[in-house]
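In terms of our numbering, the sequence shown opens at residue 13 and continues consecutively.
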Amino acid sequence: MNYFTPMLERSLQELESTAIARLAAARSPEELEALRVEVLGRKGALDQFFKQMGKLAPEERARAGKLLNAAKQALEAALESRKRDFAETGLRARLDREWVDLTRELEELFFSLGFTVLDGPEVETEYHNFDALNIPADHPARDMQDTFWLDGGNLLRTHTSPVQVRGMERLGPPLRMIAPGRVFRNESVDASHEHTFYQLEGMMVDRDVSVAHLLYFMKTLLGEVFHRDVTVRLRPGYFPFVEPGFELDIQCLICGGPGCPVCKQGGWVELLPCGLVNPNVLRMSGIDPEEWNGFAFGLGLTRLAMMRYGIDDIRHLQGGDLRFLEQF
Ligand code: FA5
Numbered sequence: 013m014n015y016f017t018p019m020l021e022r023s024l025q026e027l028e029s030t031a032i033a034r035l036a037a038a039r040s041p042e043e044l045e046a047l048r049v050e051v052l053g054r055k056g057a058l059d060q061f062f063k064q065m066g067k068l069a070p071e072e073r074a075r076a077g078k079l080l081n082a083a084k085q086a087l088e089a090a091l092e093s094r095k096r097d098f099a100e101t102g103l104r105a106r107l108d109r110e111w112v113d114l115t116r117e118l119e120e121l122f123f124s125l126g127f128t129v130l131d132g133p134e135v136e137t138e139y140h141n142f143d144a145l146n147i148p149a150d151h152p153a154r155d156m157q158d159t160f161w162l163d164g165g166n167l168l169r170t171h172t173s174p175v176q177v178r179g180m181e182r183l184g185p186p187l188r189m190i191a192p193g194r195v196f197r198n199e200s201v202d203a204s205h206e207h208t209f210y211q212l213e214g215m216m217v218d219r220d221v222s223v224a225h226l227l228y229f230m231k232t233l234l235g236e237v238f239h240r241d242v243t244v245r246l247r248p249g250y251f252p253f254v255e256p257g258f259e260l261d262i263q264c265l266i267c268g269g270p271g272c273p274v275c276k277q278g279g280w281v282e283l284l285p286c287g288l289v290n291p292n293v294l295r296m297s298g299i300d301p302e303e304w305n306g307f308a309f310g311l312g313l314t315r316l317a318m319m320r321y322g323i324d325d326i327r328h329l330q331g332g333d334l335r336f337l338e339q340f
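Structure (structure tokens):
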């Protein structure tokens with residue numbers, strides 16, 4: 013017959029306090045798990061004490077059982093609390109490491125170049141979305157962007173360009189602004205077209221702004237986003253609010269050029285239309301085009317994200333599939 017001797021009791025207390033100190037000092041979830049196995053696991057240190065219980069005199073067993081259970085509970089609580097610590101810091105570190113927010117990156121870049129970040133409404137007036145951009149009601153260019161019209165004549169903005177107009181109206185020249193935001197088009201969806209997607213508008217109005225300035229900013233933008241050489245091509249593009257207008261395409265980074273559903277087998281993706289601001293647009297917003305001119309661009313932010321992260325179908329982005337979303 014064994015007795016729950018004071019020595020046994022002391023060694024249990026010692027086991028508990030040492031284990032709690034070691035749990036507190038553990039520096040990784042792996043260390044924590046090793047400690048759990050060593051102390052609380054089957055055949056662990058605490059288990060050795062439990063094994064001795066059977067051999068105790070019945071009058072000793074109740075007291076020993078109480079002490080052992082209390083020690084076990086204290087150790088389990090300490091372990092759980094440390095696990096939570098690691099889960100929280102782990103999550104924070106992971107978010108810090110993996111936080112991908114292209115909009116924020118671009119905002120910081122343009123902010124450092126002296127641009128202001130502006131916001132505009134998603135429900136727009138016909139005037140700001142079209143007329144003030146030199147696209148009157150009977151202009152064929154209205155058909156370039158299939159519009160969701162709302163009761164009462166307003167619409168869901170089809171591009172971020174109306175924020176140019178609001179920026180010019182509110183701030184006047186000289187002006188350097190960007191405006192990231194969500195836009196909507198009533199069009200059929202495929203691997204590179206969504207009805208809801210993001211653009212980033214940019215505009216600079218000053219004296220003597222030239223195509224060279226425009227190209228400098230476009231190059232800086234792409235260099236910052238991709239951190240490597242990407243092949244681009246510039247071709248003439250038509251938008252009533254710029255003259256001359258350009259389309260800046262990027263060689264498709266999904267297939268690398270030979271063709272795929274994202275680039276519609278063409279090897280190039282339309283990414284960054286741009287141009288010098290049409291004098292009519294300046295005039296309509298109260299800016300004298302004899303004194304001021306400028307450039308504007310309308311970056312396809314969603315497509316840029318696809319190119320940067322190798323996303324091969326735009327529909328994944330709004331699809332809500334957690335297996336996809338959890339990769340970011
Ligand atoms: C425009 O929206 C003009 N407002 C851009 C602009 C601004 C030109 C300032 C000149 C000066 P566009 O319709 O091409 O242009 O759209 C711009 C970009 O948005 C495209 O290059 C493309 O990257 C992206 N985009 C267009 N439609 C879709 C769509 N359905 N889904 C995803 N991205 C799209």
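From the three backbone atoms N, C-alpha and C, an ideal C-beta is built for every residue, glycine too.
Just so you know, these numbers come straight off a predicted model, no measurement behind them.
Item                                                                                              : Value
Inter-residue Cα distance where the pair is residue 203 and residue 45                            : 45 Å
Rounded Cβ spacing between residue 246 and residue 234 (contact assumed at less than 8 Å)         : Their Cβ separation, rounded to whole angstroms, is 12 Å, which puts residue 246 and residue 234 out of contact at 8 Å.
7 Å CB neighbourhood of residue 79 in its chain, flanking five on each side removed               : 21 and 24
Residue 89 to residue 330 span [Cα, whole Å]                                                      : 41 Å
Extent of the continuous beta strand (DSSP E) run through residue 216                             : 208-218
Entirely enclosed alpha helix (DSSP H) segments - the region 54-142, minimum 4 residues           : 57-65, 70-110, 114-124 and 138-141
Residue 159: CB within 7 Å of a non-hydrogen atom of the ligand FA5                               : no
Start and end residues, alpha helix (DSSP H) containing residue 188                               : Residue 188 -> not in any alpha helix (DSSP H); beta strand (DSSP E) instead, spanning 187-196.
Endpoints, alpha helix (DSSP H) assigned at residue 169                                           : Where residue 169 is concerned, there is no enclosing alpha helix (DSSP H), given that its DSSP letter is neither H nor E.
Span of the alpha helix (DSSP H) around residue 154                                               : From DSSP, residue 154 is part of no alpha helix (DSSP H); its letter is neither H nor E.
CB-CB length for residue 87 against residue 28, believed under 8 Å                                : 6 Å
Beta carbon of residue 266 nearer than 8 Å to that of residue 254                                 : no
Residue 378, DSSP secondary structure in three states                                             : The chain is shown only over 13 to 340; residue 378 falls outside these bounds and no answer can be derived.
Distance between residue 208 and residue 135 (C-alpha atoms, nearest Å)                           : 13 Å
CB contact flag (residue 310, residue 213, <8 Å)                                                  : yes
Pair within 8 Å by beta-carbon distance, residue 230 and residue 179                              : no
beta-carbon residue 285 near the ligand FA5 non-hydrogen atom, thresh 7 Å                         : yes
Endpoints, the beta strand (DSSP E) within which residue 259 is located                           : 254-263
Heavy atom of the ligand FA5 within 7 Å of residue 326 beta-carbon                                : yes
Nearest residue (CA-CA) to residue 315, options 114, 295 and 270                                  : 114
Segment contact, 8 Å Cβ cut-off, at least three pairs: the region 292-302 with the region 142-149 : yes
beta-carbon residue 173 near the ligand FA5 non-hydrogen atom, thresh 7 Å                         : yes
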